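Inspection log for the structure reproduced underneath, given as structure tokens.
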């Protein structure tokens, strides 16, 4: 954008510094700022001197102290008034200077009531190489197509009386005679200035339309995001209420039965069964609350990782053994496969354990009786890949795309497999915090495979042997047979 000085506006002889909207040269505003700064400094010193006079009058108690005090107070009032006046002038100058020239403007001019150009602020596009003198006076008015001149004058006069105007005009952009013109359609936006002139910003209509369209698109996008956030909030609250209500109802209901024993007395077996249900409901509720807290910490960026070198094989084996207890009750076998000489990974031990446990628990939950869950670990370049694969019903492509959304449940999940859907959401968040990758492969009837890759530690520690072993290995014989 070419910005013009007052000299060029008069004769086109030289370019000048960029203007503020009020006509002040920006370097002049800078000089004004420096001069005003020096003035303020001097006035501040004077104010300090007046304050010293007041202090002297109070301390010495001289006869002329009252006079000095009154004089100082008057001077202080004058200083305050001067400071207020200077500050007001600076504020007005800053306001005028802040009215910047639009980036998409082809031409910015200031006009009198008859449409004559008094000043050219900027020229761009087809006018970039023109002289400002070519527009001064009625020269720009004469570039307007004759048929459009009445509309132009009406817009200028209406703007002069305080009514901002916008109109489309055909403007000659080459300087040829009107008999062989090169006209372009432009949009003229007219606004009144305090000086009595009318400021016109000339833009190509497609540029103005594009700018308006961008604003409309931004507003529509913001509105859609707000509506989506509101819908997500409503869904979260509804799902949250359901997930919390279910275990709470079980806890309250069965604890009430144990406390009151209305009707027939409860035998020991029935009491033990009720106590088990209460315990399981409490565990489910605790897990749900922990998942919500972890997810909120991850999304808020408040989950701080304490990285260290983690023995992958040992930690995954321990997680598999823990999950295998519940898997054995459901008739699901859990196996581990470790590649030889696995390095350590640079990870938060607690978060890594949570990742593996959530993946294994989720796989067991979706695997029917007689099925199998296998967790394998191998090196992949500068990372370690942990893959959990199950023989469950699998998922449709649209469900795979949504996996990890809080409270999302695949359409084909069984009642036993239904859950809050928070576990995988937490896993994805923790993996992202580690700078890792989360991948899912699934198809209906073919099970699901989830692979997590995490970066290696700086100094790899060799662990593990290339073995395939069923889990758990430390359960009693009955459970071991069910998992084999």
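Residue numbers (UniProt numbering): 1 to 484. Where is the CB? At the ideal position from N, CA and C, for every residue including glycine. Remember, it's a predicted structure, so these values are computed and weren't measured experimentally.
Item	Value
Exposed unless 16 or more other CB atoms sit within 10 angstroms - verdict on residue 115	buried
Host alpha helix (DSSP H) of residue 359 (start-end)	349-365
Residue 150: first and last residue of the uninterrupted alpha helix (DSSP H) it sits in	149-160
Residue interval of the alpha helix (DSSP H) (run including residue 424)	422-433
Boundaries (first-last residue) of the alpha helix (DSSP H) holding residue 449	Taken as a continuous stretch (DSSP letters only), residue 449 belongs to no alpha helix (DSSP H), being part of the beta strand (DSSP E) at 448-455.
Residue 70, buried or exposed, once every other Cβ within 10 Å from all chains shown has been counted against 16	Caution applies to residue 70, whose pLDDT of 44 falls short of 50 and renders its modelled position unreliable; the model cannot decide the point.
Beta-carbon separation (whole angstroms), residue 355 vs residue 288, contact threshold 8 Å	At roughly 18 Å, the Cβ-Cβ gap does not stay under 8 Å, so residue 355 and residue 288 are not in contact.
Spatial neighbours of residue 158 in its chain, beta-carbon cut-off 7 Å, leaving aside the 5 residues before and after	165
Helix, strand or coil at residue 489 according to DSSP, with G and I counted as helix	Nothing can be reported for residue 489: it is not among the residues displayed for the chain, which extend from 1 to 484.
Contact set for residue 185: own chain, Cβ-Cβ below 7 Å, skip 5 residues either direction	168, 170, 205
DSSP three-state assignment for residue 171, whether helix, strand or coil	strand
One or two residues paired with residue 183 in a DSSP bridge	172
Nearest candidate by alpha-carbon position, reference residue 188, set 451, 376, 153, 214	153
Cβ neighbour criterion (16 or more within 10 Å) applied to residue 233	exposed
Neighbourhood of residue 440 by C-beta distance below 6 Å, restricted to the same chain and skipping five residues each side	400, 403, 450
Cβ shell of residue 292 (< 6 Å), same chain only, five flanking positions each side left out	none
Exposed unless 16 or more other CB atoms sit within 10 angstroms - verdict on residue 389	buried
Local conformation of residue 137 per DSSP, three classes	strand
CB-CB length for residue 338 against residue 377, believed under 8 Å	5 Å
Cβ-based burial, residue 95 [other Cβ within 10 Å; buried from 16]	Confidence at residue 95 is low in this model, with a pLDDT of 43, below 50, so the placement of that residue should be treated as unreliable; the coordinate-derived value is given next. Residue 95 should be labelled exposed.
Simplified DSSP state of residue 103, which is helix, strand or coil	coil
For residue 107 and residue 202, believed in contact at Cβ under 8 Å, the rounded distance	4 Å
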